[in-house]
Every structure is written in structure tokens, then in C-alpha cells.
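1 is the number of the first residue of the sequence shown in the working numbering; add one for each residue after it.
Where a beta carbon is used, it is the ideal one built from N, C-alpha and C, also for glycine.
Down below is the structure, laid out as C-alpha cells.
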Amino acid sequence: MKRLNPDTGAPFKMGDWRDDGYRFWGYGKNIYWKTKYFVEFWRHPDKFDSEKKRIRDWQDDNRDSMNASAAKVRAKRRQRKPKWIKDVFEEEIKVWYRRAKILKDFTGQEWEVDHIVPMNGEKVSGLHVPWNLQLLTKKQNRDKRNKHE
């Protein structure tokens with residue numbers, strides 16, 4: 001269970017402040033993750049900004065690694081798309097991503113296209129097809145993780 005921010009009633013977001021001045025960095029999985037407990041990582045205010053800058057600089061300096069990682073994800077997605085998918089279905093997949101963008105514009109909340117049956121799940125592996133897609137908020141998608149429920 002994630003501890004909630006007393007000011008907002010929602011889980012902490014990166015950059016939230018604590019009373020002693022520390023800033024929230026992120027959640028990590030407990031070694032015993034099946035207990036559904038998360039470890040919180042907080043940074044000293046001086047370290048928070050420098051760490052964020054260090055990561056941004058690394059990404060800028062290693063654009064080739066970032067591009068390779070993105071290409072790997074795209075290749076995996078292509079591999080999970082059956083050859084018999086016609087142009088009609090490919091257009092329908094694009095419509096799901098357009099819907100997510102429209103919802104974000106209207107609600108101001110982040111929406112993501114999620115695979116109902118994950119493409120790289122532990123027990124099952126789904127396909128990148130229109131009938132395996134759904135729209136979830138970013139929080140719902142992160143909570144679902146890589147599970148088929």
C-alpha cells in the first residue's frame with residue numbers, strides 16, 4: 001500500500017515536499033512485493049535538483065541509448081502484431097491513441113492505452129490488436145502493472 005499525501009489525499013508525486021524539507025523521489029517495490037507494500041524514496045532538496053539534472057544530462061549525452069531502448073519497445077510491439085492485421089485494424093489502433101490524447105485535453109488527466117492482456121505478461125502474452133486495448137488513467141495503468149485481471 002502506498003502512503004497518501006495528507007494535503008491531497010493521493011499517493012505522493014515526484015517533487016512533493018515533506019515537513020522536514022525533503023522531496024519525494026519515487027516508490028520502489030519492497031523485496032516482498034506480494035505484500036503490496038512500497039518503499040518510498042526521499043531526497044534532500046539539494047540532491048533532488050542535482051540528481052534530476054544529472055539524469056537529464058545523461059539522457060541528452062546518451063541519446064543513442066535512449067533511441068535504442070525506444071526502438072526495442074517498438075520492435076516488441078511490432079512483433080506482437082499479427083501479420084493478418086489489415087489496414088482497417090491498424091487505423092483502429094491509432095484511434096485508441098487519439099482518444100487518449102483527446103481525453104487528456106478535456107480532463108487534464110493523463111490517459112494511456114493499455115493492453116488488457118499484457119504483451120509481456122508472466123503467464124499469458126497478448127497481441128497488439130484493437131480488441132485487446134483499453135483506456136486507463138496513468139495511475140490505474142501503473143497500479144495494474146503487467147498483470148491480466
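Distance, Cα to Cα, residue i vs residue j?
| i | j | result |
| --- | --- | --- |
| ASP64 | ALA75 | 16 Å |
| PHE38 | LYS83 | 40 Å |
| TRP17 | ASP87 | 49 Å |
| GLY21 | GLY108 | 29 Å |
| GLU91 | ALA68 | 26 Å |
| ILE116 | LEU133 | 6 Å |
| VAL124 | ASP46 | 44 Å |
| ASP105 | THR137 | 13 Å |
| PRO11 | ALA100 | 22 Å |
With distances taken from CA atoms, which of the options is nearest residue i?
| i | options | result |
| --- | --- | --- |
| TRP111 | MET66, LYS139, PHE41, GLU90 | LYS139 |
| PHE48 | LYS144, LEU135, LYS72, TRP25 | TRP25 |
| ILE85 | ALA70, LYS53, GLN59, TRP131 | TRP131 |
| GLY121 | GLY9, ARG23, LYS144 | LYS144 |
| ARG142 | ASP7, SER50, TYR27, ARG3 | TYR27 |
| PHE41 | LYS52, ASP60, MET14, GLN59 | MET14 |
Starting from residue i, follow the alpha helix (DSSP H) in both directions and report where the run begins and ends.
| i | result |
| --- | --- |
| ARG142 | 138 to 144 |
Can you give the beta carbon distance from residue i to residue j, rounded, assuming they're within the 8 Å contact cut?
| i | j | result |
| --- | --- | --- |
| LYS81 | HIS44 | Not confirmed; about 46 Å, so no contact. |
| VAL113 | TYR97 | 6 Å |
Next on the checklist: Please give the ranges of any alpha helix (DSSP H) in the region 20 to 75, keeping only runs that are unbroken, at least 4 residues long and fully inside the region.
Outcome noted: 45 to 61
Next on the checklist: In chain order, what are the residue ranges of uninterrupted alpha helix (DSSP H) at least 4 long that sit wholly in the region 78 to 125?
Outcome noted: 87 to 107
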